[in-house]
Amino acid sequence: MKPKISLRARLAYDEVAKGLADAGVVEGSMFGMPCLKIEKKMLGGLFGDAMTFKLPPEPREEALALAGAEHFDPGMGRPMKEWVVVPLEHSASWPKYAELALRFVTE
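Sequence positions in the sequence shown follow the numbering used here and run 1489 to 1595.
What follows is the structure in C-alpha cells.
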C-alpha cells in the first residue's frame, strides 16, 4: 500500500523536478509512485511524505544519518541497498541529494 502524499511534499518534489529539468530529467512513475528519470534510469521518487534517492556510498551514509531516513523498501520486504528515503522534514536537502543521484546514475 502506497503512503499518502501531502501537498507540501508534492510541492517540494515538484521544485526538485523543475530544478533538474534542464539536465534532461523527466518525471515518470515506478513502483506506483512519482519518480524522476534520465535515459530510463530512475534517480529518485516521491514516497509518501519522503523522497527516495539512489546514492553512491558516501552521500548514502550521510543521508542515512538524517533523523527518520532509512533504506528504501518499495513494499517487497527487502530494502534496496543503494536507495535512501529522506523524510519531508529534510526537504531542504532534497535538491542536493537529487543532484548527487543524477550524477551517480549517469556515471
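Cβ coordinates follow ideal geometry from the N, Cα and C atoms, glycine included. Model, not experiment: these values are computed from the prediction.
Could you check what DSSP says for residue i in three-state terms: helix, strand or coil?
i              : result
leucine 1554   : coil
glutamate 1595 : coil
serine 1494    : coil
glutamate 1570 : strand
proline 1562   : coil
proline 1575   : strand
CB residue i to CB residue j, shorter than 8 Å?
i              : j            : result
proline 1562   : leucine 1588 : no
alanine 1553   : valine 1572  : no
alanine 1586   : leucine 1524 : yes
alanine 1551   : valine 1514  : no
glutamate 1570 : lysine 1542  : yes
alanine 1500   : leucine 1590 : no
proline 1583   : glycine 1507 : yes
Kindly give me the distance between the Cβ atoms of residue i and residue j, rounded to whole angstroms, as I take these residues to be in contact under 8 Å.
i                  : j            : result
glycine 1520       : lysine 1490  : 6 Å
leucine 1534       : alanine 1497 : 7 Å
phenylalanine 1592 : proline 1544 : 5 Å
Residue ranges of each beta strand (DSSP E) within the stretch 1504 to 1550, 3 or longer: 1514 to 1518, 1521 to 1526, 1529 to 1535, 1538 to 1542
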